[in-house]
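Chains as they are written, first to last, in the UniProt record's numbering: chain A, 1 to 194; chain B, 1 to 194. First up is the structure itself, then whatever we jot down about it.
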C-alpha cells in the first residue's frame, strides 16, 4: 500500500477507535492512551498521526460528517420526492448501531467544544451543513409542488432542522420513542407543508 | 444554621461549582479535585458530601431539573393561554446565561450517561418530565379551544418536545439562530395547531 493511503487509513482507524471509546465510556474517558489501546497501537504511534488530542477529536468529528454526506448522496436517485426527503433525513437519525454511534460521538464532541476551538469550528460547520440539507430537502419538495407558496422556507428550514435534531437526541437518549413513530412524525410534518 | 440545612446548602454549592467547571472546561475536565477547588473546599470535604463522582453528577443534574420546574410553576398565573404556553417553554431554552449553563451542563451530563447509570436514570426522568410539560402545555391550549380537535395530542407532544429540544441545542451550539426568531418559531408553531 502506498505510504499516503496507509497514513489516511491509519487516521480513519484511530478515529473509529475514538468513536468506540467515547460511545462506550464517555468523552471524559477518551484519553490518548485509551484510544491508542483501543486502536491496538502505542500512544507514541498515535501522536505521530495526531500531534494533539484536539486534532484527533476534530478529525473524528469531521469523519462522521463525511460519512453522513456520502450516505445522503446515495439517495439523490430516488424518484418519489417525499420518499427521497424522508430517506435523506433518516441518515441523520440514530436508526441503527452505526448511526447511533455517530450521533452519540457527535453530541459528546459538540458538547465538549466550549473547551476546544477546533471542535467548535467543526460543530458549527456541521450545524450549518444540516441546515442546508434541510433547506435543500424543502426546496426539492417545493420544486415538486409539495410546499405551499405561503410558507417561509427559511423559517421552515429552521423548524425542520430543530425537529430532526430534537428527534435524533430523543432516539439516542430518551429510550421511549420508537423509530417507526419518529419516521412517521417526520413524514407527517413534511406532508403538512403542502 | 441548623446542620441539615447547612448540609443541603453545601450540596447545592458543590453542584453549582460542578456546573461552572463543566460549562467552562467540558465534562472531561470535571474531576472531583477540580470541582472541589472551584467550590473552595478540599477534595476530602467534597467526598464527605458526595461519596462518589456519580452521586455528585446525578445530584447536579437533578438540581437543574428542580430549578427549571420551580421557574415553570411561576407562570401558572399568566392569564393568556398562548402567552402562558410560550413562557413555560421559554424556561427550557437557553435564553440567558443562567439557562445556558443549565442546558450545557445537562447536555454534557446526559451525553456521559452511557458510562453512568445514575445519570442515565436522571436523564430519562428529565426527558419524560419535559414530554409531560409539552403535553400539559398542549392540553391547556386545547382546553381553551386553541388546538384543532383533529390533532393527535400524543404525536403533537412528541413534535413539540423534539422541536423545543432541537431549538435549545441550536441556540446553545449553533451560534446563528437569534433568540427572537426561536421564540417566534415556537409561537407560530403553537398558533398553527388551531
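From the three backbone atoms N, C-alpha and C, an ideal C-beta is built for every residue, glycine too.
Does DSSP put residue 50 of chain A in a helix, in a strand, or in coil? coil
Which whole runs of the beta strand (DSSP E) in the segment 119-189 of chain B are 3 residues long or more, in chain order? none
What does residue 74 of chain A reach in chain B if we use C-beta pairs closer than 9 Å? Those within 9 Å of residue 74 of chain A in chain B number zero; the least Cβ separation is about 25 Å.
By the 10 Å Cβ neighbour count, where 16 or more other Cβ atoms means buried, how is residue 26 of chain A classified, buried or exposed? buried
Let's test the definition: count the other Cβ atoms within 10 Å of the Cβ of residue 60 of chain B and tell me whether it reaches 16, buried, or not, exposed. buried
Is residue 66 of chain A helix, strand or coil when you go by DSSP? helix
Straight-line gap, residue 66 of chain A to residue 102 of chain A (C-alpha atoms, nearest Å): 11 Å
Give a yes or no on contact between the segment 28-45 of chain A and the segment 82-98 of chain A, applying the rule of three or more CB pairs nearer than 8 Å. no
Thinking C-beta only, is residue 35 of chain A closer than 7 Å to residue 21 of chain A? yes
Going along chain A, which residues have a C-beta under 7 Å from residue 196 of chain B? Residue 196 of chain B is absent from the model: chain B starts at 1 and stops at 194.
Classification of residue 132 of chain A by the beta-carbon crowding that lies within 10 angstroms, buried from 16 upward: exposed
Residues of chain A with CB under 8 Å from residue 25 of chain B, in chain order? 114, 115
Closest to residue 6 of chain A by CA distance: which of A:49, A:118, A:28 is it? A:49
Separation of residue 179 of chain B from residue 95 of chain B, as counted between CA atoms: 7 Å
Under 9 Å by beta carbon: chain A residues contacting residue 158 of chain B: 167, 170, 177, 181, 182, 185
Measuring straight from C-alpha to C-alpha, what distance separates residue 157 of chain B and residue 109 of chain A? 29 Å
To the nearest angstrom, how far is the alpha carbon of residue 128 of chain A from that of residue 187 of chain A? 23 Å
If you follow the alpha helix (DSSP H) that residue 79 of chain A is in, where does it begin and where does it stop? Per DSSP, residue 79 of chain A belongs to no alpha helix (DSSP H) and is neither H nor E.
For residue 150 of chain A, is the classification buried or exposed, using 16 other Cβ atoms within 10 angstroms of its Cβ as the cut-off for buried? exposed
Cβ shell of residue 117 of chain B (< 6 Å), same chain only, five flanking positions each side left out: none
Anyone know if the C-beta pair for residue 171 of chain A and residue 182 of chain A falls short of 7 Å? yes
With 16 other CB atoms within 10 Å as the buried threshold, where does residue 99 of chain B fall? buried
Three-state secondary structure (DSSP) of residue 116 of chain A: coil
Give me the chain A residues within the contact set of residue 141 of chain B, using Cβ-Cβ distance strictly less than 8 Å, ordered along the chain. None at all; the shortest Cβ gap to chain A is about 18 Å.
Extent of the continuous alpha helix (DSSP H) to which residue 109 of chain A belongs: 97-111
Have a look at residue 114 of chain A and residue 78 of chain A and give me their C-alpha separation to the nearest angstrom. 39 Å
Excluding the five sequence neighbours on either side, which residues of its own chain have a C-beta within less than 7 Å of the C-beta of residue 11 of chain A, listed in chain order? 49, 59
Using a cut-off of 8 Å between C-beta atoms, extract the partners of residue 123 of chain A located in chain B. 173
Here's the rule: buried if 16 or more other CB atoms are within 10 angstroms of the residue's CB, otherwise exposed. What is residue 123 of chain B? buried
Among residues of its own chain, excluding the 5 on either side of residue 62 of chain B, which ones have a beta-carbon nearer than 6 Å to its beta-carbon? 122
Do residue 111 of chain A and residue 93 of chain B come within 7 Å of each other at the CB atom, strictly closer than that value? no
Best match in B:136, B:97, B:193, B:18 for proximity to residue 73 of chain B [C-alpha to C-alpha]: B:136
Mind checking residue 23 of chain B: buried by the 16 CB within 10 Å criterion, or exposed? buried
Taking only beta-carbon atoms, is residue 49 of chain B less than 7 Å away from chain A? no
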